[in-house]
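Taking our numbering, the leading residue of the sequence shown gets 31, the next gets one more, and so forth. C-beta: ideal position from N, C-alpha, C; glycine also. Just so you know, these numbers come straight off a predicted model, no measurement behind them.
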Amino acid sequence: MSREEQRVALQATLYASRNPTRRYLHCARRDWVLAQLRELGSQGSIKQALELGPGSGVYLPALSQLAQRVVALDVEPGHLRAAKHLLAAEGEAVSVGFVQGDLRSGILQGGSVDLLLCSEVIEHVADSAGLLKAMAGALSPQGTLILTTPQPLSPVELLGKIAFLPGIIHLLRLVYREPVEPTGHINLLSAAQLKTQCTAAGFVVRKQARMGFYLPILGEFGGNWGQRFLAAIDRKLQGSRFEAVLWTQCYLLRKADGAVHGSAQTPSDVAA
31 MSREEQRVAL QATLYASRNP TRRYLHCARR DWVLAQLREL GSQGSIKQAL
81 ELGPGSGVYL PALSQLAQRV VALDVEPGHL RAAKHLLAAE GEAVSVGFVQ
131 GDLRSGILQG GSVDLLLCSE VIEHVADSAG LLKAMAGALS PQGTLILTTP
181 QPLSPVELLG KIAFLPGIIH LLRLVYREPV EPTGHINLLS AAQLKTQCTA
231 AGFVVRKQAR MGFYLPILGE FGGNWGQRFL AAIDRKLQGS RFEAVLWTQC
281 YLLRKADGAV HGSAQTPSDV AA
């Protein structure tokens, strides 16, 4: 198994982690995204959907049920192969076009994508402002973007700077008894910074949420009780002045009227 395939396989196991807190932190985000997809599906037919950086493909089955055509785009061909193989191994029958490329190169800026999903991607990209503008260019007028990314002041990210040091990461693997890998997060944006970039790209926030509270020791050794306790604090913090400590920020955005950022090929052109 290649390094890329190992990384994607790890992403898939996070949603079924044996550690209740680790599982809850990832499933809370997943469940929010799936809820938005279900709501969008109830509002009418979606012709074109694009997922940028599909990871293990956890959202592709839902997207394929929602849209007439789905494209999964990633700069790493190994990630796409791994996601495709993982879906096949799990028996997921999805109709998806897997395309290798960089959205910023104009490969999909046809303005015909009705729904774009970008979950846990921009923290891996130095030029998130440029990527957001490329997303706006790919979307049709009144197109929808679902966007999630970690918050820099969350304990998960702050302590991650220590947790992934040599020696300590080995200890974490022993504690969790499952794979633990460095996150590769190079561009963590505060909510204010991200909203500024979204506005500059031509997006308007229609819905937002914060979720995922973590405390060390309790998260590792608290079991189901610890997870429930952290989830209760999570709910208390949501919408408060302290919600910046929650791990994930989630947005449903729409293109502002008149926001246009270039044109190029449509997903049908490149994925046919």
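Query: Spatial distance of residue 238 from residue 178 (CA atoms); Result: 10 Å
Query: Per-residue DSSP class, three states only, for residue 185; Result: helix
Query: Euclidean distance between Cα positions of residue 286 and residue 170; Result: 11 Å
Query: Residue range of the alpha helix (DSSP H) that includes residue 251; Result: 248-251
Query: Run of the alpha helix (DSSP H) containing residue 61, from where it starts to where it stops; Result: 50-72
Query: 7 Å Cβ shell around residue 208 - same chain, five flanking residues per side excluded; Result: 43, 47, 48
Query: As assigned by DSSP and simplified to three states, the class of residue 242; Result: coil
Query: Assumed close pair residue 176, residue 282 - CB separation to whole angstroms, cut-off 8 Å; Result: 6 Å
Query: Exposure of residue 84, with buried meaning 16 or more beta-carbon neighbours within 10 Å; Result: buried
Query: Cβ contact (3+ pairs, closer than 8 Å) linking the segment 67-83 and the segment 131-150; Result: yes
Query: Cβ separation of residue 158 and residue 217, assumed to be a contact under 8 Å, to the nearest whole Å; Result: 5 Å
Query: Bridge partner(s) assigned by DSSP for residue 180; Result: 278
Query: Span separating the alpha-carbon of residue 12 from that of residue 133; Result: Because the chain in this structure spans residues 31 to 302, residue 12 falls outside the shown range and cannot be described.
Query: Three CB pairs or more closer than 8 Å across the segment 210-226 and the segment 182-202; Result: yes
Query: Beta-carbon proximity of residue 89 to residue 105, cut-off 8 Å; Result: no
Query: Own chain residues within Cβ distance below 8 Å of residue 268, not counting five before or after; Result: 239, 240, 241, 276
Query: For residue 205, the nearest candidate out of 248, 102, 271 (CA to CA); Result: 248
Query: Burial state of residue 109, where buried means 16 or more other Cβ atoms lie within 10 Å; Result: buried
Query: Closest residue to residue 140 among 230, 112, 255, 167 (Cα-Cα distance); Result: 167
Query: Through-space distance from residue 251 to residue 173, alpha-carbon basis; Result: 44 Å
Query: Residue 264 classed as buried or exposed, judged by whether at least 16 other C-beta atoms fall within 10 angstroms; Result: buried
Query: Endpoints, alpha helix (DSSP H) assigned at residue 158; Result: 158-168
Query: Residue environment, residue 86, which counts as buried when at least 16 other CB atoms sit within 10 Å; Result: buried
Query: Proximity test, residue 202 beta-carbon vs the ligand MN heavy atom, cut-off 7 Å; Result: In the structure on display, the ligand MN does not appear, and there are no ligands present to speak of.
Query: The beta strand (DSSP E) enclosing residue 101, as first and last residue numbers; Result: 97-104
Query: For residue 270, the three-state DSSP class (helix, strand or coil); Result: coil
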